[in-house]
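Okay, so here's the structure we're looking at.
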Amino acid sequence: QVLASQFMVYTSLALYIPPIFGSFFLSTLSDTYGRKPFILIPIAGFIIRSTLFVIGIYFELDLTWFILFLLLEGSTGGLYSQITVLFSYVADITEKGDQRILLLVIIEVIAGLGGLLGSLSSGYLIREFGFLLPTFISTMCIFAALLLLGIFLPESLPSECKARSNRLNFCSKFKGVWEFYTSNKNGKGTRWRYVCSLLIFLCVQFGVLGRVTVETLYELNKPFCWNSVLLGWFMGLRIISSYVIGLVLIRVLQCCVSVEFIALIGATSHMVAFILEAFAEESYELFLVPIVSFGSAMVAPIMRGIMSRMTPPDKQGTLFAGMGMIDSFITIVGTTVSSAVYSATVTYFRGFVFLMFAGISCVAVILIIVLWVAGMVGGASAMRYQEEEIIVTPQEIDKD
1485 QVLASQFMVY TSLALYIPPI FGSFFLSTLS DTYGRKPFIL IPIAGFIIRS TLFVIGIYFE
1545 LDLTWFILFL LLEGSTGGLY SQITVLFSYV ADITEKGDQR ILLLVIIEVI AGLGGLLGSL
1605 SSGYLIREFG FLLPTFISTM CIFAALLLLG IFLPESLPSE CKARSNRLNF CSKFKGVWEF
1665 YTSNKNGKGT RWRYVCSLLI FLCVQFGVLG RVTVETLYEL NKPFCWNSVL LGWFMGLRII
1725 SSYVIGLVLI RVLQCCVSVE FIALIGATSH MVAFILEAFA EESYELFLVP IVSFGSAMVA
1785 PIMRGIMSRM TPPDKQGTLF AGMGMIDSFI TIVGTTVSSA VYSATVTYFR GFVFLMFAGI
1845 SCVAVILIIV LWVAGMVGGA SAMRYQEEEI IVTPQEIDKD
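Just add 1484 to wherever you are in the sequence shown, counting from 1, and you've got this note's numbering.
Spelled out as structure tokens, the structure:
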């Protein structure tokens, strides 16, 4: 277990440290050269890594080689970079508003369901045929995806946006990532909204990404002592509850409430689920956790959508580049911190780490309330301004 744990640490570092920089370069370059090339580059990295895995498994290479293969994949941007550019693609082809947020949620749902399908199918294939055949099938599927996207996916970035972004200056682009949070260049009062939305995103993603490792250890420990079957059912239930139910809920609620209120529901369910998990004593209580956290997956795409609708078309890639870097960073920090906290507290209160996640989620709930109230106040002010304009206009006409 010690050797396996060390190997998992090395693979995580190889997979998630390079995309911190890869997300920045690929996403910001997509504002200049278009989205399509930078959707295809990470897929090419997947193919190279998967092909090398097939070779490594066939020739039974040392595990160190597989870490190098993962490092190569991470250097091409990895999953985070691909999804980041996909978010920019969606922003190009949608109007600012609820439709964009819904499509961002759909991307999250498809990614989650794809992960579930891949993990379930690969588990059965590995049990029946070993590692070589599933890895080869995975390589062929990724290659087919590259061909389909390369042939049929149209470019989404308008030519006028490319013209405005034709200067390739990485220093200015890196500066542009942080200008959203340090200036009001994108409109009066936008800076604090960017900062507030980013903090909400950080708090929620810290729990979503940081819980994965410790949650498995928690379920394997006493009094639960789960086996792989129960772990698989729990993960499947979480994905179905968080993504499928979350997607249906956001589609229904968009008709009658604001997206900020939907995010509030999601963050609250996220917080309550962690509290339930911290004090669970029976297996059925743990199985209630993914049901209670039905809205947790909605918060991150909603925050992305809120920030995207404040951002000009030629800066969408830069915005999502910063968020992609933060996603990779949170994955590393979240897993490291949560593992350290769990190790330090498991002997006297094994659920303490989940109370920590709940406390951080509570901060997100408070910030969402601030954002929601500010949105209602701002909307009311805008309506009063429009009413004044309607009243004043006839008077001005009479004066003329």
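Glycine included, C-beta positions come from ideal geometry on N, C-alpha and C.
Note that the structure is a prediction, hence the values are computed from the model and not measured.
{"Asked": "Given that a residue counts as buried once 16 or more other Cβ atoms are within 10 Å of its Cβ, and exposed if not, what is Gly1602?", "Found": "exposed"}
{"Asked": "Counting only runs of 4+ residues fully inside the region 1662–1690, write out the alpha helix (DSSP H) ranges in chain order.", "Found": "none"}
{"Asked": "What are the start and end residues of each continuous alpha helix (DSSP H) run of 4 or more residues lying completely inside the region 1523–1599, in chain order?", "Found": "1547–1559 and 1562–1577"}
{"Asked": "Thr1697: buried (16+ other C-beta within 10 angstroms of its C-beta) or exposed?", "Found": "buried"}
{"Asked": "Quick check: the Cα distance between Ser1667 and Val1593, rounded to an integer number of angstroms?", "Found": "33 Å"}
{"Asked": "Apart from the five residues on each side of it in sequence, which residues of its chain come closer than 6 Å, Cβ to Cβ, to Ile1759?", "Found": "Ala1842"}
{"Asked": "Just to check my reading of the structure: Gly1779 and Ser1753 have Cβ atoms closer than 8 Å, yes? What is that Cβ distance to the nearest angstrom?", "Found": "4 Å"}
{"Asked": "Touching or not, the region 1556–1566 and the region 1496–1511, by the rule of three or more beta carbon pairs under 8 Å?", "Found": "yes"}
{"Asked": "Indicate the three-state DSSP secondary structure (helix, strand or coil) for Cys1742 in the structure shown.", "Found": "Reading off the sequence, residue 1742 comes out as Ser, not Cys. In the structure shown, Ser1742 sits in coil (DSSP, three-state: anything other than H, G, I, E or B)."}
{"Asked": "Taking Ile1749 as the reference, which of Arg1584, Ala1858, Ala1764 and Ile1729 has the closest Cα?", "Found": "Ile1729"}
{"Asked": "Select from Cys1846, Leu1536 and Phe1615 the residue whose C-alpha is nearest the C-alpha of Leu1555.", "Found": "Leu1536"}
{"Asked": "Just the Cα atoms here: how many angstroms apart are Ala1628 and Ser1534?", "Found": "13 Å"}
{"Asked": "Hey, out of Phe1838, Phe1771 and Ser1812, whose CA is closest to Ala1824's CA?", "Found": "Phe1838"}
{"Asked": "Beta-carbon separation of Thr1819 and Gly1694 under 8 Å?", "Found": "yes"}
{"Asked": "Give me, in chain order, the residues of the same chain whose beta-carbon lies closer than 7 Å to that of Phe1813; leave out the 5 immediate sequence neighbours on both sides.", "Found": "Ile1504"}
{"Asked": "Starting from Asp1811, trace the alpha helix (DSSP H) both ways and give me its first and last residue.", "Found": "Gln1800 to Thr1829"}
{"Asked": "Leaving aside the five residues before and after Met1840 along the sequence, list all residues of the same chain whose C-beta is less than 7 Å from its C-beta, in chain order.", "Found": "Val1825"}
{"Asked": "Buried or exposed for Ser1643, please, with buried defined as at least 16 other CB atoms from any protein chain shown within 10 angstroms of its CB.", "Found": "exposed"}
{"Asked": "Looking only at its own chain, which residues have a Cβ that is under 7 Å from the Cβ of Thr1578, when we skip the five neighbours before and after it?", "Found": "Arg1584 and Leu1587"}
{"Asked": "Could you pull out every residue in the same chain whose Cβ sits closer than 6 Å to the Cβ of Ser1681, ignoring the five residues on either side in sequence?", "Found": "Met1787, Ile1790 and Met1791"}
{"Asked": "Given a cut-off of 8 Å, decide if Ile1531 and Thr1674 are closer than it, judged by their beta-carbon atoms.", "Found": "no"}
{"Asked": "Among residues of its own chain, excluding the 5 on either side of Met1867, which ones have a beta-carbon nearer than 8 Å to its beta-carbon?", "Found": "With a pLDDT of 37 at Met1867, under the threshold of 50, the modelled position of that residue is not reliable, and the figure given next carries that caveat. So the list is empty, once near-sequence residues are dropped."}
{"Asked": "Taking the alpha carbon of Val1574 as the point to measure from, which residue in Val1736, Leu1616, Arg1519 and Leu1547 has its own alpha carbon closest?", "Found": "Arg1519"}
{"Asked": "For my contact list, Thr1516 and Met1807 are in at a C-beta cut-off of 8 Å; report their separation, rounded to the angstrom.", "Found": "About 19 Å separates the two Cβ atoms, so there is no contact after all."}
{"Asked": "Who are the Cβ neighbours of Leu1597 in its own chain at under 8 Å, not counting the five residues just before and after it?", "Found": "Ile1723, Tyr1727 and Val1728"}
{"Asked": "Between which residues of its own chain and Leu1888 is the CB-CB distance below 7 Å, once the five residues before and five after are set aside?", "Found": "The chain is shown from 1485 up to 1884; residue 1888 falls before or after that span and cannot be answered."}
{"Asked": "To the nearest angstrom, report how far apart Cys1846 and Ile1541 are at their CA atoms.", "Found": "45 Å"}
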